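Mind the numbering: the sequence shown is residues 3 to 319 in this note's numbering, read in order.
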Amino acid sequence: MIQTLARRPMLPLLALPLLLAPAPLPAQTGGAPYSVDGRGFARLQDAVDAIGDGEGTIRIAPGYHRDCAVQTQGHIAFVAAEPGRAVFDGGICEGKAALVLRGAGAKVDGIVFQNMRVPDGNGAGIRLEKSDLTVENSLFRSSEEGILTAEDPAATLTIDRSTFSRLGRCDRGLSCAHSVYTGNYGRVVVTRTRFEKGSGGHYLKTRAAVVDVSDNSFDDTQGKATNYMIDLPAGSTGRIVNNLFVQGSDKENHSAFIAVAAEARDHPSRGLAISGNRASLSPETSWPSVFVADWSGEPLSIGANELGPRITKFEKR
Numbered sequence: 003m004i005q006t007l008a009r010r011p012m013l014p015l016l017a018l019p020l021l022l023a024p025a026p027l028p029a030q031t032g033g034a035p036y037s038v039d040g041r042g043f044a045r046l047q048d049a050v051d052a053i054g055d056g057e058g059t060i061r062i063a064p065g066y067h068r069d070c071a072v073q074t075q076g077h078i079a080f081v082a083a084e085p086g087r088a089v090f091d092g093g094i095c096e097g098k099a100a101l102v103l104r105g106a107g108a109k110v111d112g113i114v115f116q117n118m119r120v121p122d123g124n125g126a127g128i129r130l131e132k133s134d135l136t137v138e139n140s141l142f143r144s145s146e147e148g149i150l151t152a153e154d155p156a157a158t159l160t161i162d163r164s165t166f167s168r169l170g171r172c173d174r175g176l177s178c179a180h181s182v183y184t185g186n187y188g189r190v191v192v193t194r195t196r197f198e199k200g201s202g203g204h205y206l207k208t209r210a211a212v213v214d215v216s217d218n219s220f221d222d223t224q225g226k227a228t229n230y231m232i233d234l235p236a237g238s239t240g241r242i243v244n245n246l247f248v249q250g251s252d253k254e255n256h257s258a259f260i261a262v263a264a265e266a267r268d269h270p271s272r273g274l275a276i277s278g279n280r281a282s283l284s285p286e287t288s289w290p291s292v293f294v295a296d297w298s299g300e301p302l303s304i305g306a307n308e309l310g311p312r313i314t315k316f317e318k319r
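Structure, rendered in structure tokens:
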């Protein structure tokens, strides 16, 4: 176990400033916190509206921003002027998220999202309702949900070099929230990203038809009342490769690390490739678990994975 944990991938180097940098000062009041092509804006929504149905970048100044915006058109990049020091802290639009995205496409780079909570229990840093989204070098923490999407079978969600920490919930009699939860998107790509310290639900739950989940770490050692590391509830094809998984001892459901088609068979799962991963149980854990639990009944492509003691490779359910 010690050897396995010592070899685990830690936070991507570019993401380390998100956790280690000093807390930013409050957003400047004497200058504009948001800028587009040199024009300053006091409100994020005004900067979004200035781009309209065009294409542009909103640069976000360091500081705590208790603000939010809804994008309904155009291609917009939301970029921190200093990665890890632009913090969206608790501001919610439409009772959903700090950023509600339903334009023609978006990118989020270097931003911290925290303390997102709403009455229905799905307060998120980002609510993606349509179109492609790329998230890079960003941090989602201490919220009900990190990223939550609607359905867009023609679109792709890409997450790279980011961190999801202290997210998820299953309480108050409401539907569970998760660190990342996507609806029926065409493709979900998650690379070089860290999931940790979940506070309920699953770490990555996606109803996408195709997934590409590679070179990530799922560290559940400090999780509380968590469930699966990866849940593909409607079935998926694609690949889950070269990830590190450590299951913690405070679980609501410890029966599996990866679940395939546990709720429906909306997508085929034949040939889903799962290989090159390393999985272990934390030292405090007493139960056995299953690495891949499958409800699809289709032949998955499970290759060589390094599994610790008391972890069964595969179980048909």
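All residues carry an ideal CB built from backbone N, CA and C; glycine is no exception.
It should be emphasised that the depicted structure is a prediction, and the values quoted were computed from it without experimental measurement.
Per-residue DSSP class, three states only, for residue i
i	result
Ala-52	helix
Gln-224	coil
Gln-47	helix
Arg-168	strand
Thr-31	Unreliable positioning characterises Thr-31 in this predicted model, as indicated by a pLDDT of 38, which lies under 50. A coordinate reading is not provided.
Cys-70	coil
Ile-149	strand
Pro-121	coil
Gln-75	coil
Ala-93	In the sequence as presented, Ala is not what sits at residue 93; that position holds Gly. Note: Gly-93 maps to coil in three-state DSSP.
Lys-132	coil
Gly-237	coil
Ala-82	strand
Gly-112	coil
Thr-287	coil
Glu-265	coil
Leu-274	coil
Lys-98	coil
Asp-39	coil
Gly-310	coil
Glu-300	coil
Ala-63	coil
Arg-280	strand
Residues near residue i by beta carbon distance below 7 Å, same chain, minus five either side
i	result
Ala-82	Ile-62, Ala-88, Asp-111, Gly-112, Ile-113
Trp-297	Val-262, Ala-263, Ala-264, Arg-319
Pro-28	Residue placement at Pro-28 cannot be trusted, given a pLDDT of 48 that sits under 50; what the coordinates show is reported in the next sentence. Only Gly-65, Tyr-66 meet the Cβ criterion.
Cys-357	Since the first residue of the chain shown is 3 and the last is 319, residue 357 is not available in this structure.
Thr-74	Arg-104, Gly-105
Thr-184	Thr-151, Leu-159, Val-190, Thr-208, Arg-209, Ala-210
Rounded separation between residue i and residue j - CA only
i	j	result
Lys-109	Asn-186	20 Å
Val-50	Arg-68	16 Å
Arg-143	Ser-216	21 Å
Gly-40	Asp-48	14 Å
His-256	Phe-115	28 Å
Ser-291	Thr-59	46 Å
Ser-303	Val-212	14 Å
Ser-37	Ile-53	11 Å
Gly-305	Thr-239	15 Å
Cys-316	Pro-301	Residue identity check: residue 316 is Phe in the sequence provided, not Cys. About 12 Å.
Arg-45	Ala-210	34 Å
Phe-43	Cys-70	13 Å
Glu-308	Thr-151	32 Å
Asp-221	Gly-310	15 Å
Ala-34	Val-190	35 Å
Thr-223	Ser-282	10 Å
Gly-86	Phe-166	13 Å
Ala-295	Gly-148	25 Å
Ala-236	Phe-90	32 Å
Asn-124	Arg-267	25 Å
Thr-314	Asp-122	37 Å
Arg-280	Ser-219	10 Å
His-269	Leu-135	22 Å
Sequence-distant residues of the same chain with beta carbon closer than 6 Å to residue i, five excluded per side
i	result
Ile-242	Val-215, Ile-276
Ile-2	Residue 2 cannot be examined here, being either before or after the span of the chain that is shown, 3 to 319.
His-77	Glu-57, Ala-106, Gly-107
Leu-234	Val-262
Arg-129	Lys-98, Ala-99, Val-102, Leu-150
Gly-170	Ala-179, His-180, Ser-181, Gly-200, Ser-201, Gly-202, Gly-203
Glu-153	Gly-185, Asn-186
Gly-278	Val-243, Asn-244
Residues near residue i in its chain [Cβ-Cβ closer than 8 Å; skip 5 each side]
i	result
Tyr-230	His-204, Tyr-205, Lys-207, Asn-255, Ala-258, Phe-259, Ile-260, Ala-261
Val-120	Ile-94, Gly-97, Lys-98, Glu-146
Asp-252	Gly-225, Lys-226, Ala-227, Thr-228
Inset, instruction - Decide if the region 190-199 is in contact with the region 170-178; the criterion is three or more beta carbon pairs, one per stretch, under 8 Å apart. - result: no
Inset, instruction - Please determine if the region 91-103 and the region 156-170 are in contact, where contact requires at least 3 C-beta pairs separated by less than 8 Å. - result: Result no; under three Cβ-Cβ pairs closer than 8 Å.
Inset, instruction - For the region 171-234, list the beta strand (DSSP E) runs that are entirely contained and at least 3 residues long, ordered along the chain. - result: The region 171-234 contains these whole beta strand (DSSP E) runs: 182-184, 187-193, 196-198, 206-208, 212-216, 219-221, 232-234.
Inset, instruction - Determine, using beta-carbon pairs with one atom in the region 286-293 and one in the region 262-271, whether at least three such pairs fall under 8 Å. - result: Taking 8 Å as the limit for Cβ pairs, the verdict is that the region 262-271 does not touch the region 286-293.
Legend entry - the region 267-274 contacting the region 243-250, beta-carbon criterion three pairs below 8 Å: no
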